[in-house]
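To start, the structure under review is shown below, and the notes come after it.
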Amino acid sequence: MALLTTVGERTLYTTQFPLMGGPAIVRFVDDRGRERAESIARAAENEAYRIERKFSRFREESLLSEIARAAGKAAVAVDDETVALVESALDLARLTAGKFDPTIGVLRRAWNFREPRIPDDEDLAAILPLVDYRAVSVAGNSVLLAREGMELDLGGVGKEYAVDRVAEVLVARGVTSALINFAGDIRTIGGRGDGRPWSIGVADPRAPGTCRFAVRLIGGAGVATSGDYERCFVKDGVRYHHLLDATTGWPARGVMAATVVAATAFAAGRIATAAFLLGPREGVALIERFAGVEGCVIDATGDIATTAGMSRVSNLPGSLFAAYPAL
Amino acid sequence: MAATRPGRKRIRRRRRLPWIAAGVGALAASDLRAQSNLEFRYLFYQESGGRTAVSNPWLYLNQDFGLKGGQLSLLLGYDSISGASPTGGYPTMDATTSASGATSSSIPLANYVDTRKSASLSYARKFGAHLPSVDISYSEENDYLARGAGLSDSWTIANGRGTLHYGAAISRDVVTPVTTGEHLPKSSNAIAAGFSWIVGERDLLDVSASLTKLSGYLTDPYKIVPILAAPDPQLPEVRPDARSRYAIVFKYAHYFGDTDGAVKVGYRYYWDDWSVAANTLDLLYDQRVGTRWIVSPLIRLYTQNRATFFAYEFAAPQPYMSADYRLSAFDSVLGGLTVSYAIRRDLVLAVGATYQFQQGRDRVVPAPAAVPPTPLGPLAEGEEGEGGSPTTVSAADMTVYTVTVGLSWRY
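These protein sequences, in sequence, are chains A and B.
Under the working numbering, think of the first position of the first sequence as 24, with each following residue one higher.
Under the working numbering, think of the first position of the second sequence as 149, with each following residue one higher.
So this is what it looks like as C-alpha cells:
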C-alpha cells in the first residue's frame, strides 16, 4: 500500500494486488491514520481473495470445482451467497435467451485464446450439449448440474461481485470516498473528495491505451465493460474473442464493446455482458429497460449507440458536465 | 498509414558550422582550400515506451569547383517513421473501464507510420570578402509537403578575424491531414544575422539572432484536447494561425593546443508569442587521440515553458487550446559520444550515440490502472517518502536514444 497524497488529515491510500488473472486496485480516502488504513486495505484484500478462492473455476478446492465434479451425480450443498450468484447467472441466461450461459466454461476445451486456433464445427457440436443453463437446478441451498461433464462458470459475474463486496467492506469500515477497479470493472463510493467528478475512461476497443469518452460520476456507481479486444486473436482478418454466444459456440458478432453504468458493478457487468451478446440495437434496448442504468454499445463499425440518459453520466453530447466549473 | 496520425516527428539537423565541424585551427583555412566530400550517414532514433522510431539514411555531396567555380551541395534524405505519439488525450482518468484483464496506459497514444523524402541543393561562391549562397529544399510526407528557399552571405572582415553572416529563408508548405484530405497552407519567413570573431589564436566567439514568422495552418491535425464540459468529450486542438519565433545564440570555442582538443559551448535562448520560452546549453568537447581518432563527448541541457493555451484538460472549448506535450513545460538532459576514425587520410568513419532523459513539469496524477499489479507487501516505512507529493505523470516524460553511423570521403 502506498500513501499517495495528503490533504490535511484526509489521506488517499492506494493498494493493489493480483486478482483473478488481472490487477486489482483499491483507492480510498481516510482520515483515521495509517494503522487504520492498513487494516481497511487488508480487509478489502482478504474479501477479494475469499471470493476468488470460492468462485474460481480454476481452483481445485473452489466450490465451482466441487459442483463440476458432482455433475450428473449429486446436488452440492451451497451457501446463500452461492445460491444468489447462481440464480443471478441463470437470470442473465434467460434474459439473453441463452446467449449468455453460466455453463459455457466447457467450451474452453475448443477455444484457447492464447493461440490462434479455430475449432471446427464437430468440436463445438460435441461440447455444446454440455452448455445448457436449463440443466442447472437450484433447490433451496443446493445446486445440481444435470449432466456429467458440465461445469458452472461464474466468471461472467464473479469479478464484478468481488468489486461490490470490497465496496461493502470499505463502507462498513466508515470509508466514504473510494474507487475500486478490478481489471476494468469499477465501483465508486461517494464523491471524489475534491469537487471534481470521478472520471472513468471508456477504453477504445481498437486503439489500446486510448479512451473513446469518459464516464463522469459525482457519487457512487458501478461501471463495467465487455469487449472483444481481450483474450482474442485475429486470423484471416476475422477477430475471434472470448465472448462466445453459448447458443452457437462461436464469438458473438456485431459489437466491439458494451459499457454500462449502474448502481453496482455487479449489475453493470451483467447488463454489459448481455448487451454485448445481444448486438448493438437489442443491446441498447436492453440497457434502457433497467431503471437507473445507462450505457452504450460500440458496434462493429466503431459507432457508439447510447441510452437516452448516458449523457448525464458521461462527457458525451448533452452532458450536465457542460456547466461544470473549470479546474 | 494509420487512420489517425498523431503528429509528425522531425529530426532536426543542425546546419554544420565550420567551428562545430572542426577545430578552431582548421577554421581560417577552410574557405581557402578546394575540398569536395561525399558523406553517407545513417541515424536511428527511438523514443521510450514504444513511441516514435525513425530510421534515417542520408547522403550529402559537397562538390568544390574551385575559387571561381564555387561549391555545390546536395543533401538527400529518407526518413522511415513509425511508432506511437501522445494524442493529447487526458492522461488522468481515475480508472479505465475495459474488457476483462485490460489495463490502460495513462498516456493515450496513437500509432502511426510515415515516410519522409527530402532533398536540398545549395550553391555558394566567393566574391572577394563575401561568400553568398543560395539554397532550395523540398520534402514530402504522406500528409506534408515542404518547399523552401534561402539566401545568405558571409562577409569576412578585419583581415579574416571576423565574419558577419546574415540571411533570409522562406518556406511554403502544405498540410494535408489524412483525416480530412484538405490542403492547408503554412508558410514561414525567417531572417537571421550573426557575427563570428576569432579571439586570439585559440578562441572563437559567435553571436547570432533569428526571427521566424510562421503563418497559416499551424495546428497539429491529429492532436485532440479533452473537454471536461461537453458537448464533445474530445475536440481537435486549435492553435493560432500565426507565430513569431525569436532566438539568440551564443557560441564559444576554445582550442587547447597542448592536448589538441577543442571545447565548444553553445547557449540558445528562444521565445515566441505563444509564450513558449526555452533555454538550451550545449557543451561539446573534441579530443584528438593519436593521428586517426577524435573522441567527442556532448552534454545538452534543455528547459522549456508551456504555451499559454496548453492544458491537459479544458473546462470548456477555448478559441485556442492544445494538450500536445511539445507545448508543455519540460526539461531534458542529453548525453552523447561520437568517435571518429580516419581509415585513410581522406576517409573518416564516425559512430555516435546519444541518450536523452526528458521530464515534463506540467504533471498530473496518473491513472492507477497504469500501475502494474504488485502483491501487497508489509507497509514499509520507506514508502512514507511518497507521502505528500502525489505520483504524477506527464506526456513529456520519456527517454530517447539515437545511434549514428557515418562515412565521409574527402576528395
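Ideal Cβ placement from N, Cα and C applies to all residues, glycine included.
These numbers come from a predicted model, not from an experiment.
With a threshold of 6 Å on Cβ separation, who are the neighbours of residue i within its own chain once the five nearest residues in sequence on each side are excluded?
i                : result
Tyr400 (chain B) : Leu353 and Val413
Val499 (chain B) : Val487 and Val553
Lys361 (chain B) : Asn337 and Ser392
Ala416 (chain A) : The structure shown does not extend to residue 416 (chain A), since chain A spans only 24 to 350, so no value can be given for it.
Ile396 (chain B) : Ala357 and Tyr417
Arg183 (chain A) : In the sequence on display, residue 183 (chain A) carries Glu and not Arg. Around Glu183 (chain A): Asp208, Ala247, Ala288, Phe289 and Gly292.
Trp419 (chain B) : Tyr394 and Ala425
Ala390 (chain B) : Ser363
Gly508 (chain B) : Ser476, Phe478, Ser542, Ala544 and Asp545
Ala528 (chain B) : Per-residue confidence for Ala528 (chain B) stands at a pLDDT of 28, beneath the threshold of 50, marking its modelled position as unreliable; no derived number is given.
Glu171 (chain A) : Ala94 and Gly95
Glu531 (chain B) : Residue confidence is low: Glu531 (chain B) scores 33 on pLDDT, short of 50, so the model does not pin down where it sits. Its coordinate-derived value is still stated next. Excluding positions up to five away in sequence, the list is empty.
Ala316 (chain B) : Leu299 and Ile339
Is the Cβ-Cβ distance between residue i and residue j less than 8 Å?
i                : j                : result
Tyr365 (chain B) : Leu332 (chain B) : yes
Ala295 (chain A) : Gly315 (chain A) : no
Arg239 (chain A) : Pro220 (chain A) : yes
Asp53 (chain A)  : Tyr36 (chain A)  : yes
Arg199 (chain B) : Ala232 (chain B) : yes
Val194 (chain A) : Glu110 (chain A) : no
Gly302 (chain A) : Arg229 (chain A) : no
Ala291 (chain A) : Ala247 (chain A) : yes
Gly409 (chain B) : Leu446 (chain B) : no
Leu429 (chain B) : Arg448 (chain B) : yes
Ser556 (chain B) : Glu187 (chain B) : yes
Leu118 (chain A) : Tyr156 (chain A) : no
Tyr473 (chain B) : Ala544 (chain B) : yes
Asp259 (chain A) : Met279 (chain A) : no
Val373 (chain B) : Ala247 (chain B) : no
Ala66 (chain A)  : Val192 (chain A) : yes
Val562 (chain B) : Phe404 (chain B) : The requested residue 562 (chain B) does not occur in the structure, where chain B is confined to residues 149 to 559.
Ala201 (chain A) : Phe40 (chain A)  : no
Val101 (chain A) : Pro125 (chain A) : no
Gly45 (chain A)  : Phe205 (chain A) : yes
Ala185 (chain A) : Ile48 (chain A)  : no
Ala226 (chain A) : Gly277 (chain A) : no
Gly236 (chain B) : Lys334 (chain B) : no
Tell me the DSSP bridge mates of residue i?
i                : result
Gly500 (chain B) : B:Thr486 and B:Thr552
Ser337 (chain A) : A:Val238
Gly225 (chain B) : B:Trp206 and B:Ser266
Lys258 (chain A) : A:Val261
Asn259 (chain B) : B:Ala232
Gln39 (chain A)  : A:Ile48
Thr311 (chain B) : B:Thr304 and B:Ser344
Gln452 (chain B) : B:Ala426 and B:Phe478
Please determine whether the Cβ atom of residue i lies at a distance below 7 Å from any heavy atom of the ligand SAM.
i               : result
Ala64 (chain A) : Inclusion of the ligand SAM in the displayed structure is not the case, the ligand content being empty and no account of it being possible.
With a CB to CB cut of under 7 Å and the five nearest residues on each side skipped, what residues in its chain are close to residue i?
i                : result
Tyr263 (chain A) : Ile141, Cys255, Phe256 and Pro274
Pro465 (chain B) : Ile375 and Leu383
Ser287 (chain B) : Arg264, Lys265, Ser266 and Ala294
Gly533 (chain B) : Only weak support exists for where Gly533 (chain B) lies, its pLDDT of 30 falling under 50; the coordinates are left without a value.
Thr550 (chain B) : Leu191, Phe192, Tyr193, Ala501 and Thr502
Gly173 (chain B) : Since pLDDT at Gly173 (chain B) reaches only 37, below the 50 mark, its modelled position is unreliable, and the value read off the structure follows with that caveat. If we look at Gly173 (chain B) and ignore the five residues flanking it on each side, its Cβ neighbours are Tyr403.
Leu215 (chain B) : Lys274
Glu70 (chain A)  : Arg188, Val189 and Val192
My guess is that residue i and residue j are in contact by the Cβ rule of under 8 Å, so how many angstroms apart are they, rounded?
i                : j                : result
Ile327 (chain A) : Arg235 (chain A) : 7 Å
Phe78 (chain A)  : Gly181 (chain A) : 5 Å
Arg454 (chain B) : Ala477 (chain B) : 4 Å
Ser268 (chain B) : Asp283 (chain B) : 6 Å
Ala269 (chain A) : Val154 (chain A) : 5 Å
Ser230 (chain B) : Ala201 (chain B) : 5 Å
Phe299 (chain A) : Ser249 (chain A) : 4 Å
Gly272 (chain A) : Leu147 (chain A) : 4 Å
Gly306 (chain A) : Ala281 (chain A) : 6 Å
Asp187 (chain A) : Gly245 (chain A) : 7 Å
Ile318 (chain B) : Ala297 (chain B) : 6 Å
Pro325 (chain B) : Asp291 (chain B) : 6 Å
Ser281 (chain B) : Tyr271 (chain B) : 6 Å
Once the 5 residues before and after residue i are set aside, which same chain residues still bring their CB inside 8 Å of it?
i                : result
Thr547 (chain B) : Glu195, Ser196, Tyr503, Gln504, Phe505 and Gln506
Tyr559 (chain B) : Ser184, Asn185, Leu186 and Asp494
Between residue i and chain C, is any beta-carbon pair separated by less than 8 Å?
i                : result
Ala201 (chain B) : This model lacks chain C altogether, as its protein chains are A and B.
* Asked: the segment 269 to 286 of chain A: which residues have C-beta closer than 8 Å to a C-beta of chain B, in chain order?
  -> Taking 8 Å as the Cβ-Cβ cut-off against chain B, the residues of the segment 269 to 286 of chain A that qualify are Ala280 and Thr282.
* Relative to chain B, which residues along the segment 246 to 261 of chain A have a C-beta separation below 8 Å, given in chain order? -> Against chain B - using a Cβ distance shorter than 8 Å - the residues of the segment 246 to 261 of chain A are Val246, Ala247, Thr248, Ser249, Gly250, Asp251, Tyr252, Glu253 and Arg254.
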